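To start, the structure itself, in structure tokens.
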Amino acid sequence: MYSEKVMDHFSNPRNVGEIENADAVGQVGNAKCGDIMKMYLKIEGDTIVDVKFKTFGCGSAIATSSMATEMIKGKTIKEALNLTNRAVAEALDGLPPVKMHCSVLAEQAVKAAIYNYAKEKGLHFEELEGFNPDEEHDHHDHGHDEEDH
Amino acid sequence: MYSEKVMDHFSNPRNVGEIENADAVGQVGNAKCGDIMKMYLKIEGDTIVDVKFKTFGCGSAIATSSMATEMIKGKTIKEALNLTNRAVAEALDGLPPVKMHCSVLAEQAVKAAIYNYAKEKGLHFEELEGFNPDEEHDHHDHGHDEEDH
Amino acid sequence: MKKRVYLDYSATTPMKKEVLDEMLPFFNVQFGNPSSIHCFGRENKSAVDKARSTIAKTLNAGVDEIFFTGGGSEADNWGIKGVANALKDKGKHVITTKVEHHAVLHTCQYLEKDGFDVTYLDVDQYGMIKIDELKAAIRPDTILITIMFANNEIGTIQPIKEIGKIAKDYKITFHTDAVQAYGNVKIDVKDLGIDLMSLSAHKIYGPKGIGLLYIKKGTKIHPIIHGGAQERRRRAGTENVPAIVGFGKAAELAYENIDEHVNQLVTLRNRLINGLQEKIPYIHLNGHPTKRLPGNCNISIEFIEGEALLLMLDMVGIAGSSGSACTSGSLDPSHVLMAIGLTHEVAHGSLRLTIGDYTTEEDVDYVIEQLPPIVERLRQMSPLYEKVKGGR
Amino acid sequence: MKKRVYLDYSATTPMKKEVLDEMLPFFNVQFGNPSSIHCFGRENKSAVDKARSTIAKTLNAGVDEIFFTGGGSEADNWGIKGVANALKDKGKHVITTKVEHHAVLHTCQYLEKDGFDVTYLDVDQYGMIKIDELKAAIRPDTILITIMFANNEIGTIQPIKEIGKIAKDYKITFHTDAVQAYGNVKIDVKDLGIDLMSLSAHKIYGPKGIGLLYIKKGTKIHPIIHGGAQERRRRAGTENVPAIVGFGKAAELAYENIDEHVNQLVTLRNRLINGLQEKIPYIHLNGHPTKRLPGNCNISIEFIEGEALLLMLDMVGIAGSSGSACTSGSLDPSHVLMAIGLTHEVAHGSLRLTIGDYTTEEDVDYVIEQLPPIVERLRQMSPLYEKVKGGR
Ligand SMILES: Cc1ncc(COP(=O)(O)O)c(C=O)c1O
Ligand SMILES: Cc1ncc(COP(=O)(O)O)c(C=O)c1O
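Protein chains in written order, with UniProt numbering: chain A, 1 to 149; chain B, 1 to 149; chain C, 1 to 392; chain D, 1 to 392.
As structure tokens, then:
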């Protein structure tokens, strides 16, 4: 059901762990849905010099976390904010429809960390306009066509 | 589904045919139900000296006709009138429940022939009281337990 | 061993060796539940997907329009009750015919008890519905038309494309029971305008206990077997993997050489019909002379009764049927034969011989040789025959 | 080949060789339709009768009380909807539990849409219903109690005999889903006071796609698959002869040495539970400690999620499940685990390992060896675990 890329990132996840004294930390998801992602960023200037994650969740939650950290490491904050869930999913050679919410979660986790960072530092990023880290996203629509049953 | 006896009487039926100038002829059943039995009797005194049948019907209709003719041949009219459908069925080592109506038909065919004979000759047999050869018997209740469907 | 000639392919077929071979590993090697996450399950999921796609292709349907069931009867029940329940707020009128298989007929009768109104269309002497009568039967509250593709007893093939067109014009859901047609007729669900269609594998040399309902995308229908999330949440129950795989293989075999298959059946069937008609007086063919299933020969043999005939045929090793095999629990004359206007006695004397892929010319000739004396023997016993011999 | 350890016997089982051997002739040699009159059919009728009688004996039921279906889900749907429809004039209240299989639960929910009233009984921390609550739920319009025999996820066995007694006292029809219990528990339908019971062959090393509904003589129930006269006019569809024969053989094998079979499973299961509990902190057993299915081990492993766990287990060749296999189309936490009071996160971390006839001590030891490092690895990735390591 998963691509080889997903299985690779699941079984050998990159950047697992915590960053002591991280500059930015963001956590999204909740245990009810079975996925919690926590991201730690080390930021120098406007560059993300290090990133780590911890994830409670299914195979694709772990794989998307891993892929997302790889994709933003060494990038600017702006670039990181422009990371979309589709880009993460594509980088993994796709996700099953029922798992697309995991990639959404990964995007949200990056945003949440930067949101917290911006709040602390009094910075403003237009990419974060309208973003609310506590919002309950309907990321658990499993995409079944329940049409009429 | 049929006993060996039934199959024997079906594949080698005894007394098939007609009797020219029979003393008694009786026909029961109708094409709607798929069974018509016609019996011809040759009667001397009060003895059935010969009997033949013709049957349009299923395997057990043919077998019960054959068995019934065997059972009344050489018997007195009274004895023939006392032939029950159960006796015919038993003599055949039983019939499937859905086929019991065939044995009823055989009993009726004998009775009908004697009824006609009695009418013609002005005879009276107490065994025929209440017997009406034209009555529609519910002999096509196939015995299914349709309980509640 | 005694000669055995099986001419009851419409009742059921032997499974082809290729089908069995394909199924075998799934019984005890690759036996996992396809809904499971582990490899025992995953490998089966792809086997199921493959079968689904093979079958979809034979119908010009999408893979997401094929839903496996426990047989043709379940598919018929689902198609009809599922739509009736989904649309009952829109209307409660259903149109069908007098010649449907019992799986359709009894389902419609059950709906009647449930407050639905059902029109049973008449058919002509060949078992064909009349398009005008179908149109006339349509009401504002008609929600479903269910008309079989090909009749299981007399083989008559209905004008499905015309029916599909009418259903579309009036925006009525159209279900067809194609259990007998599948494998014997080319079916393009899109071209024919079919919304729902029932199939069964054991009629095409596949396994028993597996069928399917084709559901055109967007068709409103409720499930009838609720439970697990299988079949995209529409038909619950652990997938019958070996049977699905077998169904897929049987479908592939049926359609890879369908023209040849049909030609062969038609040739043999005509040989049989002609041979019998030449040798036996007072018989006539039931069903449409040309618009009929390739393997179907249904004849009425006057003055004798079908069961006795079947028993005598059985004694010489010939397997046929009288009316539908499914209805033989009751020996009432077939509703199909009554609907085409036969009298009770002629209906009782009907014989259905259905030819299939393993039937040979020799088999057919054997029947042509064996049947006439049997018929004559039974006629000699029949009180209905004497009149004719005397009279006509 | 890589080591493969199948511990998902509750999802489905491999078919036993003896079962397959028994089935094989019926696919293409003795393939006739048992409803047919000819010998191809007759010989199959007796094979079906034999299987029916074998199974009836294992249940202390009459042969005329066994009705084959296309699986356990169909049997559940039939038992429930069939009674609801037959008795709806008497009342429209049904009692069930919160821990039923989806085949029961979703059927009950469908009835609710249809105007029925359903009480879903709570269960205690072990998944047991409380007899007092059952009694309290009974109303004058209660027509059906449907409570599963043994739970498919956590293995808890309900007090069926007490339930049967209450149902009888109140003259309410009692249906039980014994799909998981059959073959693992001795079942005497008369002694237990069961009116209707669903079984499925593929859980006892028999074929998929075949199940049955036991219907106590005299029980009022409508069919749900209408059509031909099969199964004494109660369940239409050409009999799935090979599968019925296989079901019969599987039943025979299951009950000829049931005590031994159960002992073996219990021994291995306890070895597994004890081994894991010794080696892994923060885990606990779900379900009743003693009143549980012999092969069932269901544990919650805190701080990690089940799917990830299953994938890692799969990589080392171990097949388990997290929640019911049938529900894995949705990854919502199992309703059963929620009903016994687990929090969402603990429910997500549940692992079901079910042991069967082919499980060896070696298999169990392999799991006890492989699981702890996997759990530790996933916990190291989990943001929920850090707090504990820091805190507790
Ligand atoms: C308790 C229970 N009931 C019903 C079912 C459904 O049975 P089947 O898969 O044969 O439809 C299952 C298994 O899937 C089950 O475990
Ligand atoms: C036209 C038709 N519909 C439905 C069925 C029922 O199919 P099944 O026996 O697979 O339930 C049959 C055959 O029995 C049939 O011939």
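For each residue, glycine too, the CB sits at the ideal point set by N, CA and C.
From a predicted model like this one, the values you see are computed outputs, not experimental measurements.
*Closer than 9 Å at the beta carbon, the chain D residues around phenylalanine 10 (chain A)*: Ala308, Leu311 and Met312
*Under 9 Å Cβ-Cβ, which residues of chain D neighbour cysteine 297 (chain C)?*
The premise fails here: cysteine 297 (chain C) is roughly 16 Å from chain D at the closest Cβ pair, so nothing lies under 9 Å.
_Counting only Cβ pairs nearer than 9 Å, list the residues of chain C close to glutamate 376 (chain D)._
In chain order: nothing, as chain C lies at least about 21 Å away.
*Identity of the residues DSSP links to asparagine 30 (chain A) by a beta bridge*: A:Asp35
*Determine the chain C residues that contact glutamine 27 (chain B) at a beta-carbon separation under 8 Å, and present them in chain order.*
Pro383
*Proximal residues of chain A, C-beta to C-beta of leucine 315 (chain D) below 9 Å*: First, the residue type needs correcting, since residue 315 (chain D) is methionine and not leucine in the sequence shown. Within 9 Å Cβ-Cβ: Met7 and Ser11.
_Any beta carbon of chain A sitting closer than 8 Å to that of serine 344 (chain D)?_
It is worth fixing the name first, because residue 344 (chain D) is histidine in this sequence and not serine. With 8 Å as the cut-off, histidine 344 (chain D) counts as an interface residue toward chain A.
*Taking buried to mean at least 16 other C-beta atoms within 10 Å of its own C-beta, is glutamine 277 (chain C) buried or exposed?*
exposed
_Please return the same chain residues whose Cβ sits closer than 7 Å to the Cβ of arginine 379 (chain C), not counting the five positions on each side in sequence._
Phe303, Ile304 and Tyr385
*With 8 Å set as the bound, which would you pick, yes or no: does the beta-carbon of threonine 327 (chain D) sit closer than that to a beta-carbon of chain C?*
In this prediction, threonine 327 (chain D) scores a pLDDT of 40, lower than 50, which makes its location untrustworthy; the coordinate-derived value is nonetheless stated afterwards. Chain C, which has a Cβ nearer than 8 Å to the Cβ of threonine 327 (chain D), makes this yes.
*Just mark proline 140 (chain D) as buried or exposed, buried being the case when its beta carbon has 16 or more other beta carbons within 10 Å.*
exposed
*My understanding is that glycine 209 (chain C) touches alanine 243 (chain D), with C-beta atoms under 8 Å, so please give their C-beta distance in whole angstroms.*
5 Å
*Compute the distance between the beta-carbons of glycine 248 (chain D) and isoleucine 55 (chain D), then report whether it is under 8 Å.*
yes
*Could you check the C-alpha separation between leucine 253 (chain D) and valine 6 (chain B) for me, to the nearest Å?*
37 Å
*If you check the beta carbons only, do arginine 292 (chain D) and isoleucine 163 (chain D) fall under 8 Å apart?*
no
*For tyrosine 6 (chain D), which residues in chain C fall below 9 Å Cβ to Cβ?*
Phe31, Gly32, His38 and Phe40
*So is residue 398 (chain D) in contact with chain C if we call contact Cβ pairs under 8 Å?*
Shown here, chain D extends from 1 to 392; a query on residue 398 (chain D) therefore has no answer.
_Where the alpha helix (DSSP H) containing isoleucine 62 (chain A) begins and where it ends_ = 59 to 72
_With three or more beta-carbon pairs closer than 8 Å as the criterion, would you say the segment 106 to 115 of chain A touches the segment 20 to 30 of chain A?_
yes
*Per DSSP, glycine 70 (chain C) is paired with what?*
The partner list for glycine 70 (chain C) (beta bridge, DSSP) is empty, contrary to what the question assumes.
*With a threshold of 16 other CB atoms inside 10 Å of the CB of histidine 124 (chain A), please say whether the residue is buried or exposed.*
exposed
_Is it buried or exposed, glutamine 125 (chain D), if we count other Cβ atoms within 10 angstroms and call 16 or more buried?_
exposed
*asked:* Between which residues of its own chain and proline 34 (chain C) is the CB-CB distance below 7 Å, once the five residues before and five after are set aside?
replied: Gly41, Asn44, Lys45, Val48, Glu239 and Val241
*When the distance is taken between beta carbons, is isoleucine 221 (chain C) closer than 8 Å to glycine 32 (chain C)?*
no
*Which residues, in order along the segment 41 to 68 of chain A, keep a beta-carbon less than 7 Å from a beta-carbon of chain D?*
Lys54, Thr55, Phe56, Gly57, Cys58, Gly59 and Ile62
*Find the residues of chain D that neighbour valine 16 (chain A), judging by a C-beta separation of less than 8 Å, and give them in chain order.*
Gln380 and Met381
*Name, in chain order, the residues that DSSP records as bridge partners for isoleucine 318 (chain D).*
D:Val5
*Do we get a CB-CB distance below 8 Å when we pair lysine 38 (chain B) with the residues of chain F?*
The structure shown has no chain F; the protein chains it does contain are A, B, C and D.
*asked:* Mapping the DSSP letters down to three states, classify arginine 377 (chain C) as helix, strand or coil.
replied: helix
*8 Å Cβ cutoff met for isoleucine 154 (chain C) and isoleucine 340 (chain C)*: yes
*Contact between the segment 174 to 192 of chain D and the segment 210 to 219 of chain C: three or more CB pairs below 8 Å?*
no
*What residues of chain D sit near proline 14 (chain C), judged by a beta carbon separation below 8 Å?*
Phe27, Asn28, Val29 and Phe31
*asked:* Going by DSSP in three states, residue 407 (chain C) sits in which element: helix, strand or coil?
replied: Chain C is shown only over 1 to 392; residue 407 (chain C) falls outside these bounds and no answer can be derived.
*asked:* Beta carbons nearer than 8 Å to chain B: which residues of the segment 281 to 305 of chain C have them?
replied: Phe303, Ile304 and Glu305
*Could you tell me how far apart the beta carbons of asparagine 12 (chain B) and lysine 52 (chain B) are, in whole angstroms, since I believe they sit closer than 8 Å?*
That pair is no contact at about 15 Å.
*Applying the criterion that 16 or more other CB atoms from any shown protein chain within 10 Å of the CB defines a buried residue, is threonine 327 (chain C) buried or exposed?*
For threonine 327 (chain C), the predicted structure reports a pLDDT of 40, less than 50, and the residue's modelled location is therefore unreliable. A value from the coordinates is still provided. Buried is the call here.
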